[in-house]
Amino acid sequence: MSTTPTSTVEKFYGTGRRREAVARVFLQPGTGRFTVNDRPVEDYFKNVAWLKTAVEPLEFTQLKTQVDVYATARGGGVGGQAGAVRLGLARALALFRSELRPALRKNGFLTRDPRMKERKKYGQKGARKRFQYSKR
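Everything in the sequence shown is counted per our numbering, starting at 1359 for the first residue and increasing by one.
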C-alpha cells in the first residue's frame, strides 16, 4: 500500500468588523474568484461604492487574479458588511504575504473603524434627542 501525499492548499484567514457587521474572510492561492455568502462579490455588493470598498485591498496589492477569496458576512447593513470584508481581506493578505503588511497599514487597510451606534440614554428619547420641553 503506497501513501501518496495529499495536496492541501494553505488557507489564510482574517476577521473583519464594522459597526454591527462581522465578516470571516478566507484567502488561498487561485485564479481570482471572490465570493461573499456563496454569491459573486459583484452580485452581493450591488452598489459600486460598496463593491469598491470590499475589493480595495486586493486592487491595492495587485493580487486580484492570483488569489481566491471566500467570505461570509453577517449582521449590520450591506455597507457595514463591505467595510468588514475589507478589513478581513486586508488581515488575510497580511498573513498571506507578510511584506505587504507595512503598505496595508500605511494606507489604512488594517485599521479598524471604531465608530459604533451610540446607546440610548435614560430620560431622553434617543442617544442625543431629548423629550420635548413644554413651558406651559
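Quick reminder that beta carbons are idealized off the backbone N, C-alpha and C, glycines included.
These figures come from a predicted structure and were not determined experimentally.
Proximity of phenylalanine 1384 and tyrosine 1371 at Cβ, strictly below 7 Å: One-based indexing of the sequence shown puts residue 1384 at position 26. One-based indexing of the sequence shown puts residue 1371 at position 13. Cβ atoms of phenylalanine 1384 and tyrosine 1371: closer than 7 Å.
Residue environment, phenylalanine 1454, which counts as buried when at least 16 other CB atoms sit within 10 Å: Taking the sequence shown and counting its residues from 1, the one referred to as residue 1454 is at position 96. By the 16-neighbour rule on beta-carbons within 10 angstroms, phenylalanine 1454 is buried.
Start-end ranges of the beta strand (DSSP E) lying completely within the region 1415 to 1464, minimum 3 residues: Within the region 1415 to 1464, the complete beta strand (DSSP E) runs of at least 3 residues fall at 1425 to 1432.
Contacts around arginine 1391, its chain only, beta-carbon distance under 6 Å, and the 5 residues preceding and following it disregarded: Walking along the sequence shown from the start, residue 1391 turns up at place 33. For arginine 1391, same chain residues with a beta-carbon under 6 Å away, outside a window of 5 residues either side, are Asp1426 in chain order.
Extent of the continuous beta strand (DSSP E) to which valine 1380 belongs: The residue you call residue 1380 lines up with position 22 of the sequence shown. Note, valine 1380: beta strand (DSSP E), 1379 to 1387.
With 16 other Cβ atoms within 10 Å as the buried cut-off, status of phenylalanine 1489: As a working note, residue 1489 is residue 131 in the sequence shown. Using a 10 angstroms sphere on the CB of phenylalanine 1489, the tally of other CB atoms stays under 16, which defines it as exposed.
Nearest candidate by alpha-carbon position, reference alanine 1429, set Met1474, Tyr1491, Val1399 and Gly1388: In the sequence shown, residue 1429 corresponds to position 71, counting from 1. For alanine 1429, the nearest C-alpha among the options comes from Val1399.
Test item: CB-CB of arginine 1444 and glutamate 1417 under 7 Å: By 1-based counting over the sequence shown, the position of residue 1444 is 86. By 1-based counting over the sequence shown, the position of residue 1417 is 59. Their beta carbons are not under 7 Å apart, which means arginine 1444 does not touch glutamate 1417 by this criterion.
Extent of the continuous beta strand (DSSP E) run through tyrosine 1371: Taking the sequence shown and counting its residues from 1, the one referred to as residue 1371 is at position 13. Unbroken beta strand (DSSP E) run through tyrosine 1371: 1370 to 1376.
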